[in-house]
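Residue numbers (my numbering), protein chains in the order written: chain A, 1 to 251; chain B, 1 to 351. Report on the following structure.
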Ligand code: B12
Ligand SMILES: [Zn+2]
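See the structure below:
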């Protein structure tokens, strides 16, 4: 059982101590960090600090030193975003800070992605994300995308105002197995159902899982629309995505 | 807690609204929506549909009037969207259809740097801004002094989202506070120009939406970037201003109360009693009937309960929390003034 004091990076240690209050989450995060090498902890800290220059530099350095791309991603960048997500969910930080952390993660991922795709490593899932037709609220959707990427998913962002046809077209083209839809308006929420109906009509419903979210969406509404799952935050979006793909694999 | 009302002579809607904005005694609490009460049902009723009702002054005025004539609200408000001045500035607009609001395509920003921002002097002669001014004149002619006419001019923070893109703007606010201030300073001109034009056209009060909400930024942000600028608006625009920020705002209501604005239009994510305590009669509150869960999805009974909660807390003007969902039923909206009347009757009987 790892202890907080097993974590070498002082900044990361302080962040965990101050911001991760839930017992189970705290244990999980401490284990994650304690198992990572000090160099990887340093990379995680650059993400936490939202320092993209440092993240770029340290990621490159680690790869040059022979650390595998997967290790840098999992133990460094993803570990960083895990704490960011929780801090945002608990209102310790707000959207600008999350954007800065995601930018730092992206700076590191720029070195990782080409290596991973060249080596043919399978991502844990390919997700299509879009805000539904008629809706241009995208801040929540974009935070979900950042957290999904921060957790190792490949995400294809269909942007805002995404019609049922756009989702359908993209699913073939991108070979995705999970679709996430976001809606913030009561006028546009029914478009989630319309998208799922189109997939049923086109005999494609069994090929993909659907998850939905956005402030006015409720688990009941998600059910009514025929979605497979609902998530109420970016952190939950990642959990939901993982569990849906697990079900997919075992089905 | 609530104001003493039984000594006040009967008032017109306009008198009632203006008094409540000053926190003076009223004959009954006014019902007001400083954002929008447009619904599809109301559009059908007066044959003034979206998107035309956002661009044609006659349709705009006709649809706005329904909030008094059909629903019994004390205000009319012709600006149903938040895009009129952005359209005039050259932002790309998705006009949508009858059953959705128009919006700015924020992922196609028109400006990237403070130096790019240019608010033209003729901002208010563009068809999409002029439409609002003409609609206000039509409404003034129609209602004379009976009903309060509320205009709307967007604040600099929201203009930053529209013209520079939300994420770009928010990242800049973290990276470069100085640059952010220079942007806000320039956008300020748009707020003042469009606001003043609506005053000249006959508006009684102005809603000033500025989306520095707790869902996006910290309360400290509001103080750092916006409080002083909002004070400036109250000095420049000499009619009552109603600040609108939806979402969670209790953590910044203290600063908002310091602005000198007449009222704050607050969201259902905030508790009425706590909010009244924080504002402590320095600013009137307007709100905060929940849109998606209550007005849109439930019935008159639940609407009554939320109205009552606001009245018991002493909230000065009662109404929906933000632009109401377009599919909201007329029945639920009428329940707001009905609940206000009923509550005052009960109070009078008790006294
Ligand atoms: C910021 C904001 C805006 C910005 C949007 C900027 C942008 N690019 O997104 C601006 C100012 C432009 C705007 C415009 C409008 N808005 Co607005 N807006 C908001 C506000 C204040 C916050 C929304 C937000 O970004 N929250 C922060 C993010 C992080 O939270 P989130 O989106 O909920 O996402 C989180 C979770 O829901 C979840 N999640 C989200 N998506 C998904 C997807 C999946 C798959 C999963 C698992 C999870 C998930 O994870 C996210 C991160 O934790 C809300 C108020 C509120 N109470 O929500 C109103 C609100 C959404 N807006 C509203 C309205 C009415 C409008 C306008 C119509 C106003 C007008 N009169 O024109 C226009 C709409 C135009 C259009 N066609 O889209 C109403 C909607 C009422 C309704 N339900 O019908 C709201 C609810 C305000 C209110 N109280 O009534 N708005
Ligand atoms: Zn609002």
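Glycine included, every Cβ here is placed at the ideal spot set by N, Cα and C. Just so it is clear, the structure is predicted and the values come from calculations on it, not from any experiment.
Would you list the residues sitting across from residue 230(A) in a DSSP beta bridge? Indexing the first chain from 1 puts residue 230(A) at position 230. In DSSP, residue 230(A) forms a bridge with 212(A).
What does residue 142(A) reach in chain B if we use C-beta pairs closer than 8 Å? Taking the first chain and counting its residues from 1, the one referred to as residue 142(A) is at position 142. Neighbours of residue 142(A) on chain B, chain order: 167.
Taking contact to mean 3 or more Cβ pairs, one atom from each stretch, closer than 8 Å, check whether the stretch 295-303 of chain B and the stretch 328-338 of chain B are in contact. yes
Coil, strand or helix - residue 80(B) by DSSP: The residue labelled residue 80(B) in the question sits at position 80 within the second chain. Coil.
Beta-carbon within less than 8 Å of residue 258(B)'s beta-carbon, same chain only, minus the 5 sequence neighbours each way: which residues are those? The sequence position of residue 258(B) within the second chain is 258, counting from 1. Within the same chain, residue 258(B) has close Cβ partners 227, 231 and 282.
Residue 265(B) in three-state terms, based on DSSP: Taking the first residue of the second chain as 1, we reach residue 265(B) at position 265. Strand, per DSSP.
In the DSSP assignment, find the beta strand (DSSP E) that holds residue 307(B) and state where it starts and stops. Residue mapping note: residue 307(B) aligns to position 307 of the second chain, counting from 1. Residue 307(B) -> not in any beta strand (DSSP E); alpha helix (DSSP H) instead, spanning 300-313.
Should residue 341(B) go down as buried or exposed, given a rule of 16 or more other Cβ atoms within 10 Å for buried? Within the second chain, numbered from 1, the residue matching residue 341(B) stands at position 341. By the 10 Å Cβ count, residue 341(B) comes out exposed.
Use the C-beta contact count for residue 139(A): other C-beta atoms within 10 angstroms, 16 or more gives buried, fewer gives exposed. As a working note, residue 139(A) is residue 139 in the first chain. Buried, because 16 or more other Cβ atoms sit within 10 Å of the Cβ of residue 139(A).
Against chain A, with Cβ distances strictly below 8 Å, would residue 96(B) count as a contact? Counting from 1 along the second chain, the entry for residue 96(B) is found at position 96. With 8 Å as the cut-off, residue 96(B) counts as an interface residue toward chain A.
Which parts of the stretch 23-101 of chain A are runs of the alpha helix (DSSP H), unbroken and 4 residues or longer, counting only runs that do not cross its ends? 23-35, 38-49, 52-64 and 79-89
Is there a Cβ from chain A that is less than 8 Å from the Cβ of residue 217(B)? Within the second chain, the letter at position 217 stands for residue 217(B). Yes, its Cβ sits closer than 8 Å to a Cβ of chain A.
Along the chain, which unbroken stretches of the alpha helix (DSSP H) at least 4 residues long are found entirely within the stretch 82-112 of chain B? 84-89
I want to verify the contact list: residues of chain A whose CB lies under 8 Å from the CB of residue 170(B), in sequence order. Residue 170(B) sits at position 170 when you count from the first residue of the second chain. Correct list: 95, 96 and 99.
Against chain A, does residue 173(B) count as a neighbour if the rule is that its beta carbon must be under 8 Å from one of theirs? For the purposes of this step, residue 173(B) is taken as the residue at position 173 of the second chain. Cβ-Cβ to chain A under 8 Å: yes for residue 173(B).
Ranges of the alpha helix (DSSP H) found wholly within the stretch 214-261 of chain B, counting only runs of at least 4: 228-236 and 253-257
To which residues of the same chain is residue 130(A) closer than 6 Å at the C-beta, ignoring the five residues directly before and after it? Here the question's residue 130(A) lines up with position 130 in the first chain. Answer for residue 130(A): 158 and 162, listed in chain order.
Please list the partners that residue 107(B) has in chain A, where partner means a Cβ-to-Cβ separation under 9 Å. Working through the second chain from its first residue, we reach residue 107(B) at position 107. 136, 138, 159 and 160, listed in chain order.
At the level of alpha carbons, what is the spacing between residue 63(B) and residue 33(B)? Locating residue 63(B) in the second chain gives position 63, where the first residue counts as 1. Locating residue 33(B) in the second chain gives position 33, where the first residue counts as 1. Approximately 14 Å, taken between the alpha carbons.
What residues match up with residue 287(B) in a beta bridge as DSSP calls it? Along the second chain, one-based indexing puts residue 287(B) at 287. DSSP output for residue 287(B) lists 266(B) and 318(B) as bridge partner(s).
Below 8 Å between beta carbons: does that hold for residue 305(B) and residue 80(B)? Start at 1 with the first residue of the second chain, and residue 305(B) comes out as number 305. Start at 1 with the first residue of the second chain, and residue 80(B) comes out as number 80. No. Outside cutoff.
For residue 4(B), I'd like the list of residues in its chain whose CB is within less than 6 Å of its CB, leaving aside the five on either flank, ordered along the chain. Taking the second chain and counting its residues from 1, one reaches residue 4(B) at position 4. Reliability fails at residue 4(B), whose pLDDT of 49 lies under 50, so the model's placement of it is uncertain and the value that follows must be treated cautiously. Hits under 6 Å: none found.
What are the boundary residues of the alpha helix (DSSP H) that residue 157(A) is part of? On the first chain, residue 157(A) is found 157 positions in, with the first residue counted as 1. It is not in any alpha helix (DSSP H) - residue 157(A) instead sits in the beta strand (DSSP E) that spans 154-157.
Just checking residue 244(B) against ligand 2 - is the residue's beta carbon closer than 7 Å to any of the ligand's heavy atoms? Locating residue 244(B) in the second chain gives position 244, where the first residue counts as 1. Yes, the beta carbon of residue 244(B) sits closer than 7 Å to at least one heavy atom of ligand 2.
Closer than 8 Å to chain B by CB, residue 219(A): Counting from 1 along the first chain, the entry for residue 219(A) is found at position 219. Residue 219(A) does not count as touching chain B.
So, are the CB atoms of residue 195(A) and residue 221(A) less than 8 Å apart? As a first step, residue 195(A) must be located in the first chain, where it is residue number 195. As a first step, residue 221(A) must be located in the first chain, where it is residue number 221. Contact flag unset, no.
What beta strand (DSSP E) runs, 3 residues minimum, are completely inside the stretch 117-186 of chain A? 126-131, 154-157 and 178-182
Distance cut-off 7 Å: residue 83(A) Cβ against heavy atoms of ligand 3: In the structure on display, ligand 3 does not appear, and the ligands it does have are ligand 1 and ligand 2.
In the structure shown, what three-state DSSP assignment does residue 29(B) receive? For the purposes of this step, residue 29(B) is identified with residue 29 of the second chain, where counting begins at 1. If DSSP states are grouped into helix, strand and coil, residue 29(B) belongs with coil.
Members of the stretch 183-203 of chain A that neighbour chain B once the beta carbon cut-off is set at 8 Å: 185, 186, 187 and 188
Output, in chain order, the set of chain A residues within a Cβ distance shorter than 8 Å of residue 255(B). The residue labelled residue 255(B) in the question sits at position 255 within the second chain. By Cβ distance, chain A contributes nothing, its closest Cβ being about 16 Å from residue 255(B), past 8 Å.
Among 40(A), 243(A), 185(A) and 213(A), whose alpha-carbon lies nearest the alpha-carbon of residue 100(B)? On the second chain, residue 100(B) is found 100 positions in, with the first residue counted as 1. Closest option to residue 100(B), Cα to Cα, is 185(A).
What residue does the beta strand (DSSP E) around residue 152(B) start on, and which one ends it? One-based indexing of the second chain puts residue 152(B) at position 152. Note, residue 152(B): beta strand (DSSP E), 148-152.
Identify the residues that DSSP records as bridge partners of residue 206(B): which are they? In the second chain, counting from the first residue as 1, residue 206(B) sits at position 206. In DSSP, residue 206(B) forms a bridge with 151(B) and 241(B).
Closer than 9 Å by beta-carbon distance: list the chain A residues that pair up with residue 296(B), in chain order. Position 296 of the second chain, counted from the start, is the residue given in the question as residue 296(B). Chain A residues near residue 296(B): 186 and 216.
Quick one: does the C-beta of residue 128(A) sit closer than 7 Å to a heavy atom of ligand 1? The residue labelled residue 128(A) in the question sits at position 128 within the first chain. No, the Cβ of residue 128(A) stays beyond 7 Å of every heavy atom of ligand 1.
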